[in-house]
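Heads up, the thing below is written out as structure tokens.
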Amino acid sequence: MRPASVDEVSGVLDLCNDHGTAVVPQGGNTGLVGGSVPLAGELVLDLRRLQRLDPVDRTDRRVVVGAGVTLGDLQRAAADAGLRYRVDLAARDTATVGGTIATNAGGLAHLRFGGTRQQVLGIEGVRADGAVLSHLHGLAKDNTGYDVASLLCGSEGTLAVITAATLTLGPRPRAAATALVGFADVAAAVAAATSWRDVHTVEALELFGPEALALVCTAEHLQRPLDGDAGAYLVVEAAGDEDPADDLAALVASGAGIVGSAVATDRARRTALWRYREGLTSAINGVEPPLKLDVTVPIGALVGLVTDAPVLVDRVAPGARTWWFGHVGDGNVHLNVTGSGDRADAVADRLLRHVADLGGSISAEHGIGTAKRQWLHLVRSAAEIDTFRRLKGAMDPNGVLHPHALLPEVEPGSA
Ligand code: MLT
Ligand code: ZN
């Protein structure tokens with residue numbers, strides 16, 4: 031079904047609820063945990079026709095936007111009004127606002143501006159029974175009971191179908207600069223990133239390994255960005271009203287363990303440096319669709335994780351390859367494993383248990399979806415999961431909204 035208005039969404043859900051027909055909401059289909067994929071004949075509710083995009087409110091720096099608008103279109107609308115939507119990710123031209131809210135997407139500038147939840151001022155969603163929950167005023171302060179917007183953000187389509195939201199916008203910086211920095215090893219890169227987090231112009235700190243860089247260079251036919259080899263790389267984005275280029279150049283000239291760097295200020299060269307980072311997902315997909323494990327650990331455990339992960343993977347699935355990259359300022363690493371074949375579940379189990387033992391999370395920004403729900407118990411207590419089920423039961427008593435996502439399957443006889 032492809033509804034074009036909130037009333038049409040309401041009508042479809044009302045009918046599905048009455049008939050016990052399960053529904054999977056879908057946006058740009060860029061999710062990475064199977065969250066928009068029907069597993070057992072559910073009706074797919076394609077929300078991309080929800081294209082509402084109100085004029086930007088420059089005074090209150092906010093905009094009301096439909097679930098089907100892409101992140102890229104939202105970013106351009108904000109830019110045309112001299113403002114900025116501060117969630118950004120490589121899939122910006124396909125990912126939809128509704129999907130990014132449903133998964134509480136993090137992205138490249140989470141370090142500085144937080145994730146999607148921090149941008150949502152108001153929400154419109156439709157409950158399983160068709161009731162429309164609309165609270166789109168988008169006030170900076172609004173202390174009037176349960177924060178439904180925050181609850182729906184990250185609920186992965188299990189509590190209501192998000193149809194629109196009021197999103198906060200920020201000022202547009204006048205200047206930006208990008209650096210790609212090579213380090214002797216991962217420890218030096220993480221140490222530098224840990225200290226550069228505090229530089230107020232730094233908005234993104236993206237880490238990747240030499241294997242991932244070699245892969246993206248081959249896949250995208252790119253020259254290697256620096257002379258010589260490095261043990262780890264960081265892409266650093268800085269922005270501000272004053273040109274941050276000199277400060278960024280000084281930063282990357284001063285850090286310990288730096289073996290080379292390139293700094294760019296014009297848009298074309300900045301985009302070229304970002305390609306080494308933004309091309310990673312499709313370069314790895316080109317090897318084969320990988321096992322994708324998006325995890326966070328305390329930053330103090332990050333070097334150990336990226337060093338140990340390939341060893342653990344090789345023990346469980348000999349010959350499999352681990353490609354890692356991520357948002358180092360948030361402790362968020364994307365572990366991508368190719369070649370694990372029928373050992374993929376065993377690899378996921380080993381790595382996710384390791385991450386939980388390190389005090390980390392089995393999902394930093396991609397969500398649980400259908401792919402990770404069997405491991406939710408590693409990071410959420412039985413009482414928490416029971417509370418999730420009670421919330422789901424209150425908002426969707428017939429269990430028609432995305433029944434195979436997020437919550438672990440109930441063992442027969444244990445309900
Ligand atoms: C990214 O950081 O590029 C995204 O989370 C996508 C991915 O992990 O492949
Ligand atoms: Zn990411």
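If you're matching positions, the sequence shown starts at 31 in our numbering and goes up one per residue.
We put the beta carbon where it would ideally sit given N, CA and C, even for glycine.
Buried or exposed for residue i, going by 16 or more other Cβ atoms inside 10 Å?
i, result
"Arg345", "exposed"
"Asp426", "buried"
"Arg79", "exposed"
"Lys171", "exposed"
"Gln253", "exposed"
"Leu45", "exposed"
"Arg88", "exposed"
"Leu69", "exposed"
"Ala412", "exposed"
"Tyr115", "buried"
"Pro274", "buried"
"Val63", "buried"
"Asp324", "buried"
"Tyr263", "buried"
"Asn366", "buried"
"Tyr176", "exposed"
"Leu77", "buried"
"Glu308", "buried"
"Glu318", "exposed"
"Pro255", "buried"
"Asp360", "buried"
"Asn47", "buried"
"Val341", "exposed"
"His167", "exposed"
"Val29", "Outside the modelled stretch of the chain, which goes from 31 to 445, sits residue 29, for which no answer is possible."
"His432", "buried"
"Thr193", "buried"
What are the boundary residues of the alpha helix (DSSP H) that residue i is part of?
i, result
"Lys422", "412-425"
"Ser225", "216-226"
"His165", "Note, His165: premise wrong, no alpha helix (DSSP H); beta strand (DSSP E) at 162-165."
"Ser284", "275-284"
"Val63", "No alpha helix (DSSP H) contains Val63, which DSSP labels as neither H nor E."
"Leu382", "374-387"
"Tyr306", "297-308"
"Val343", "332-346"
"Arg82", "Per DSSP, Arg82 belongs to no alpha helix (DSSP H) and is neither H nor E."
"Gly41", "36-49"
Just grab the DSSP bridge partners of residue i for me.
i, result
"Pro255", "DSSP output for Pro255 lists no bridge partner at all."
"Phe238", "Tyr263, Phe355"
"Val156", "Val162, Val191"
"Pro55", "Leu75"
"Leu18", "Residue 18 cannot be examined here, being either before or after the span of the chain that is shown, 31 to 445."
"Gly290", "Gly212"
"Val150", "Leu197"
"Thr174", "None; Thr174 has no bridge partner."
"Val232", "Ala268"
"Thr22", "Because residue 22 is not part of the residues shown, which for the chain are 31 to 445, the question remains open."
"Asp87", "Arg92"
"Ser391", "Thr326"
"Leu528", "The requested residue 528 is not part of the displayed model; the chain covers only 31 to 445."
"Leu141", "Paired residues: none, contrary to the question."
"Leu181", "Its beta-bridge partners do not exist; DSSP assigns none."
"Trp169", "The sequence shown places Leu at residue 169, not Trp. In the DSSP output, where bridge partners are listed per residue, Leu169 has none listed."
"Leu431", "Val53"
Looking at residue i and ligand 1, is the gap between the Cβ and the nearest heavy atom below 7 Å?
i, result
"Asp324", "yes"
Report whether the distance from the Cβ of residue i to the nearest heavy atom of ligand 2 is below 7 Å.
i, result
"Glu233", "no"
"Glu395", "yes"
"Gly136", "yes"
"His357", "yes"
In the DSSP assignment, find the unbroken beta strand (DSSP E) run with residue i in it and report its ends.
i, result
"Asn362", "362-368"
"Gly96", "92-96"
"Ala205", "205-213"
"Thr326", "321-326"
May I have all residues whose beta carbon comes closer than 5 Å to any heavy atom of ligand 1, sorted in chain order? In chain order, the hits are Ala120, Thr311, His364.
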